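Asker: To start, I am sharing the structure in question, which I have written as structure tokens.
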């Protein structure tokens, strides 16, 4: 679910296909001179992620993509063995310089490890701040 404050202009967007059984929601936030498309993704562990079209959206518009990708890779400070999704996402990060992973390396799972990832348009990196809210992870 994506919640947007009522005073912030926004509109619902049909999300790109991210794979059969992968849940995706999207909303466009209307900024003063531009817009930002915010995605929320959940990929169940047994489903296959198709993230190519999703991440390459950053070549066309400003995006923030967050969610549980069930992706494991040393780049994400994953505590489990690298999987296909992790390898695929890292390849896409190399191939699409317009998108950047902004996780700090902090675990996002209560038992450790990083399940939740956040990507933004590279243009936003200088002003982006990413952190874990201790209140929400207890």
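In the UniProt record's numbering, the protein residues as written are 1 to 138. Backbone N, C-alpha and C fix where the C-beta goes; we use that ideal spot for every residue, glycine too. All of these numbers come straight from a predicted model, not from anything done at the bench.
1) Alpha carbon to alpha carbon, how far is residue 122 from residue 37? Give it in angstroms, no decimals.
2) I need the straight-line Cα distance from residue 85 to residue 51, nearest angstrom please.
3) Going by the CB atoms, is the gap between residue 65 and residue 102 shorter than 8 angstroms?
4) Identify, in the order they occur along the chain, each residue of the same chain with its Cβ nearer than 7 angstroms to the Cβ of residue 92, setting aside the five sequence neighbours on each side.
5) From the DSSP output, in three-state form, read off residue 95 for me.
6) Between residue 109 and residue 11, what straight-line distance do the alpha-carbon atoms span, to the nearest angstrom?
7) List in chain order: all unbroken alpha helix (DSSP H) runs of 4+ residues lying wholly within the stretch 38-115.
8) What does DSSP give as the partner residues of residue 36 in its beta bridges?
9) Based on the DSSP output, what are the partners of residue 13 in its beta bridges?
10) Compare the Cα-Cα distances from residue 9 to each of 22, 35, 60 and report the closest residue.
11) Can you list, in chain order, the residues of its chain whose CB lies under 8 angstroms from that of residue 27, leaving out five sequence neighbours each side?
12) Given residue 138, which residues of its chain have a CB within under 6 angstroms of its CB, disregarding the five upstream and five downstream residues?
13) Hey, how far is the Cα of residue 30 from the Cα of residue 44?
14) Distance, Cα to Cα, residue 118 vs residue 129?
Answerer: The answer reads as follows:
1) Translated into the one-based positions of the chain shown, residue 37 becomes position 37. Translated into the one-based positions of the chain shown, residue 122 becomes position 122. Computed Cα separation, rounded: 14 angstroms.
2) Counted from its first residue, the chain shown places residue 85 at position 85. Counted from its first residue, the chain shown places residue 51 at position 51. Approximately 9 angstroms, taken between the alpha carbons.
3) Residue 102 sits at position 102 when you count from the first residue of the chain shown. Residue 65 sits at position 65 when you count from the first residue of the chain shown. Pairing residue 102 with residue 65 gives a Cβ-Cβ distance that is not under 8 angstroms.
4) Against the chain shown, residue 92 aligns to sequence position 92. Same-chain partners within the cutoff: 51, 52, 55.
5) Position 95 of the chain shown holds residue 95. Looking at residue 95 - three-state DSSP - the assignment turns out to be helix.
6) Stepping through the chain shown from its first residue, residue 109 is reached at position 109. Stepping through the chain shown from its first residue, residue 11 is reached at position 11. Their backbone Cα atoms lie some 31 angstroms apart in a straight line.
7) Listed in chain order, they are 52-56, 84-95.
8) One-based indexing of the chain shown puts residue 36 at position 36. Per DSSP, 29, 62.
9) The sequence position of residue 13 within the chain shown is 13, counting from 1. Beta-bridge pairing by DSSP links residue 13 to 26.
10) If you number the chain shown from 1, residue 9 lands on position 9. The option with the nearest alpha carbon to residue 9 is 35.
11) Counting from one through the chain shown, the residue named residue 27 turns up at place 27. The answer, listed in chain order, is 2, 4, 10, 11, 12, 13, 37, 38.
12) As a position in the chain shown, residue 138 is number 138, starting the count at 1. Note that residue 138 scores a pLDDT of 47, beneath 50, so its modelled location is shaky and nothing firm can be said.
13) Position 30 of the chain shown holds residue 30. Position 44 of the chain shown holds residue 44. Distance from the CA of residue 30 to the CA of residue 44, rounded to the nearest whole angstrom, comes to 30 angstroms.
14) Position 118 of the chain shown, counted from the first residue, corresponds to residue 118. Position 129 of the chain shown, counted from the first residue, corresponds to residue 129. In a straight line, the C-alpha of residue 118 is about 11 angstroms away from that of residue 129.
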